[in-house]
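In structure tokens, the structure reads:
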């Protein structure tokens with residue numbers, strides 16, 4: 055029986071919805087935007103900034119951020135905003151994993167919890183056509199083409215993951231299970247992940 | 055229902071055994087060394103050379119090979135031995151896929167059959183420790199360390215795959231399902247693959 059399931063996913067693959075359904079199926083807690091909110095409260099960061107920083111490339115200094123925000127607690131001037139957020143986030147994810155059975159989406163949780171034996175790491179990917187169609191349905195048409203939006207979003211996730219973990223985002227060996235949601239369908243993905251977690 | 059299942063696998067991961075069990079479970083034909091044998095008969099190549107060429111880096115010219123072998127049929131002097139073998143092998147795999155339900159291990163079958171909608175592509179990987187332990191149990195101790203043997207074998211597979219397909223061997227997006235056999239166990243891997251194929 056796996057207590058913790060981390061779900062990493064390509065933008066548009068439906069991995070987030072799959073993760074939520076897995077949590078419901080197993081009766082596990084589900085962390086995603088709730089986690090972001092929790093981090094926000096602890097750090098005093100603007101929640102919208104944190105939502106971005108979880109996926110976007112690091113770089114902006116904490117000082118430059120603090121000057122334009124309502125205040126940052128406990129950070130030193132040597133730490134960039136994203137490094138400080140990373141430290142806080144890692145601590146929170148570690149604590150949540152201790153608390154009880156849960157599904158955690160994104161946030162490099164697979165890496166943060168890499169030493170736990172009771173952790174199942176999942177990656178959800180999909181064909182480009184499937185993802186392009188899905189993001190237009192979900193988020194509407196934008197100036198940028200769907201393909202451009204997909205590429206930008208996943209590149210940012212990959213850069214962020216590499217920066218903090220030293221690993222390649224989406225590389226097969228980082229996950230115990232990788233599934234193509236466009237080929238298998240969401241329902242079967244949920245079933246397989248839940249089945250593995252129950253073993 | 056998927057008619058064809060291709061299984062690619064890291065050396066030592068047990069992917070071949072898993073593939074065989076999936077074929078038994080589903081009542082599908084299973085191709086691996088039999089396929090090699092069939093290629094051998096058609097080309098007049100020495101079967102042991104072909105077994106290697108399926109996984110090893112290309113390069114040796116067909117002329118240099120022909121001079122030391124019992125004869126090659128139908129090849130032109132512009133084709134390397136491995137290119138000629140590739141052409142023959144691709145044709146045979148395409149024909150086998152037409153023939154009926156089957157599981158095909160290795161041989162770039164996932165790429166060769168990429169235009170078929172009824173094809174499920176699987177990748178089996180495992181932790182280094184699991185694979186090292188397994189190859190020593192199966193093939194015994196050698197001069198080279200288990201880690202060295204693992205690395206050499208998979209590097210050759212990757213170079214061969216890249217040469218013929220232009221793709222990265224083991225990259226998540228090339229497969230519909232990737233499973234860590236050391237984490238999940240062979241039995242569960244077989245169950246999951248069979249379950250997906252039946253959908």
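Chains as they are written, first to last, in this note's numbering: chain D, 55 to 253; chain H, 55 to 253. For each residue, glycine too, the CB sits at the ideal point set by N, CA and C.
### Message
Counting only C-beta atoms, is residue 232 of chain D closer than 9 Å to chain H at any point?
### Response
Yes, contact with chain H.
### Query
Would you say residue 229 of chain D faces chain H, with C-beta separation under 9 Å as the test?
yes
### Query
Under 9 Å Cβ-Cβ, which residues of chain D neighbour residue 253 of chain H?
238, 239 and 242
### Query
Under a three-way DSSP split, which group does residue 199 of chain H fall into?
coil
### Query
If you measure from the beta carbon of residue 249 of chain D to each beta carbon in chain H, is any gap under 9 Å?
yes
### Query
When you check each C-beta in the stretch 209-229 of chain D against every C-beta of chain H, which residues fall closer than 8 Å?
224, 225, 226, 227 and 229
### Residues within the stretch 158-177 of chain D neighbouring chain C, beta-carbon criterion of under 7 Å
The structure shown contains no chain C; its protein chains are D and H.
### Message
Which residues does DSSP list as the beta-bridge partners of residue 177 of chain D?
### Response
D:62 and D:232
#### Entry: Through-space distance from residue 195 of chain H to residue 227 of chain H, alpha-carbon basis
35 Å
### Residues, ordered as in the chain, of the stretch 186-211 of chain H that lie near chain D by beta-carbon distance below 8 Å
none
#### Entry: contact_flag[the stretch 212-224 of chain H, the stretch 236-246 of chain H] where n(CB pairs < 8 Å) is 3 or more
At 8 Å Cβ cutoff, the stretches do not touch.
#### Entry: Cβ of residue 246 of chain H within 9 Å of any chain D Cβ
yes
#### Entry: Sheet register partners of residue 169 of chain H (DSSP bridge)
Paired residue(s): none; residue 169 of chain H is not in a bridge.
### Boundaries (first-last residue) of the alpha helix (DSSP H) holding residue 254 of chain D
For residue 254 of chain D there is no data in the structure shown, the boundaries of chain D being 55 and 253.
### Task
Using only alpha-carbon positions, find the residue among D:156, D:243 and D:183 that is nearest to residue 81 of chain D.
Residue nearest to residue 81 of chain D within the set D:156, D:243 and D:183 is D:156 (criterion: CA-CA distance).
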